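A.B. asks: Below is one structure. I have some questions about it.
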Amino acid sequence: MKKKFLPLIIVCSLLLMVRCGNNSSDNSNQSDKKDTADKGIGKFKDIKLTHPLDEGMIGKGDGIFNAKCIACHKLTDEKLVGPGFKGVSDKRTPEWIMNFITNTNVMLDSDLVAQQLMVVCVSRMPNQNLSDDEARNMLEFIRKNDGKN
34 MKKKFLPLII VCSLLLMVRC GNNSSDNSNQ SDKKDTADKG IGKFKDIKLT HPLDEGMIGK
94 GDGIFNAKCI ACHKLTDEKL VGPGFKGVSD KRTPEWIMNF ITNTNVMLDS DLVAQQLMVV
154 CVSRMPNQNL SDDEARNMLE FIRKNDGKN
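So the mapping is simple: the numbering used here equals the position in the sequence shown, first residue as 1, plus 33.
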């Protein structure tokens with residue numbers, strides 16, 4: 034039973050950390066204000082985003098969300114176990130999000146932003162063992178949820 038919920042807990046913790054990290058009330062041009070040097074710890078250094086969004090990737094990300102994230106995260110800004118998904122792509126770089134999704138334990142142990150989020154959100158997100166492609170699908174799903182196009 035523990036293994037059954039591990040992926041869900043990991044994704045929940047990711048979203049919790051991502052969402053809890055920025056309390057800025059100025060949402061205008063947040064993507065321009067992101068610190069592009071803050072890419073987290075992991076192999077993702079330069080993510081190429083799709084324009085327009087890739088609907089196939091979004092569909093796969095939706096499936097991952099429903100299988101592994103929904104028990105801990107909402108698509109709004111409301112906190113459940115973990116933070117809501119709304120606004121995540123405005124607060125974190127694509128690289129940070131993907132590094133956190135795929136390198137959860139290292140990020141929680143070594144990344145200052147992830148550690149600060151864990152203090153605020155209390156829970157430690159478990160590693161969901163997502164592949165690089167699955168993580169990229171989740172990023173596209175998160176971007177869609179944030180109204181990107």
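Cβ coordinates follow ideal geometry from the N, Cα and C atoms, glycine included. As the structure is a computational prediction, the values presented were derived from the model and not from experiment.
So what's K177 in DSSP terms, helix, strand or just coil?
C.D. replies: helix
A.B. asks: Between the Cα of F174 and the Cα atoms of N136, C102, K72, G73, which residue gives the shortest distance?
C.D. replies: C102
A.B. asks: Going by other Cβ atoms of all chains shown within 10 Å of its Cβ, with 16 needed for buried, is N160 buried or exposed?
C.D. replies: buried
A.B. asks: Below 8 Å on the Cβ atoms is my contact criterion, and I expect G73 with N138 to pass it. Report the Cβ-Cβ distance as a whole number of Å.
C.D. replies: 13 Å between Cβ atoms; not a contact.
A.B. asks: Thinking C-beta only, is M151 closer than 8 Å to L163?
C.D. replies: no
A.B. asks: Can you check which of these residues, G115, M90, R125, K93, is closest to C154 by C-alpha distance?
C.D. replies: G115
A.B. asks: As an exercise, report each continuous alpha helix (DSSP H) stretch of at least 4 residues that is fully enclosed by the stretch 89 to 161, in chain order.
C.D. replies: 121 to 124, 127 to 135, 137 to 143, 145 to 154
A.B. asks: Which of the three DSSP states, helix, strand or coil, is assigned to D165?
C.D. replies: Three-state DSSP puts D165 in a helix.
A.B. asks: So, with DSSP's three-state summary, where would you put N170?
C.D. replies: helix
A.B. asks: Whole angstroms is fine: what's the gap from H106's alpha carbon to P85's?
C.D. replies: 25 Å
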